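A.B. asks:
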Amino acid sequence: MTIKTLFFYFFAATLFWGCDTDSESDLTEINNNTEPITYTQTVRGIINNNCIMCHASTPVNGAPMPLTTYANVKNAVLFRGLLDRISRPQGSPGMMPNGGTRLPQSTIDLIVQWKNDGLLE
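Following this note's numbering, the numbering of the sequence shown begins with 248 at its first residue and continues without gaps.
1. Since M342 and P336 should fall inside the 8 Å C-beta cutoff, what is the C-beta to C-beta distance between them, to a whole number of angstroms?
2. From this set, V359, G365, D364, N363, which residue's C-alpha is nearest I293's C-alpha?
3. What runs of the alpha helix (DSSP H), each 4 residues or longer, lie entirely inside the stretch 273 to 360?
4. CA-CA distance, L330 and G365?
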């Protein structure tokens, strides 16, 4: 075997070894918590960290409503399409947060679970 042949096999093996189908966006935390998700303990922090910049008590940047209280967020989930807007693919029209990066799927899943658990305060 020549050096070129050895180098080729080494390079090919390294290339294929480094390839996988996982991406960082595919990795999600599994919520093993048996307690229901609540607004106060989970959802409020998500909203405050990702939505309040526009959805403040006086909405800015064209935001149609505030998301500053439990009642505001509950109403947005039930009647204003909040889950649809945060679940849209990156770059889709109407995706929230507007002009930002799509929330991680694990974060969206927490809000979906909150709805499924009964929108507990």
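A virtual CB, placed ideally from N, CA and C, is assigned to each residue, including glycine.
Fair warning: this is a prediction, and the values are worked out from it, not measured in the lab.
C.D. replies: So, to answer that:
1. What you label residue 342 is simply residue 95 of the sequence shown in a count that begins at 1. What you label residue 336 is simply residue 89 of the sequence shown in a count that begins at 1. Correct: roughly 7 Å between the Cβ atoms.
2. Numbered from its first residue, the sequence shown carries residue 293 at position 46. Nearest option by C-alpha distance: V359.
3. 291 to 297, 317 to 326, 329 to 334
4. Taking the sequence shown and counting its residues from 1, the one referred to as residue 330 is at position 83. Taking the sequence shown and counting its residues from 1, the one referred to as residue 365 is at position 118. C-alpha separation (whole angstroms): 15 Å.
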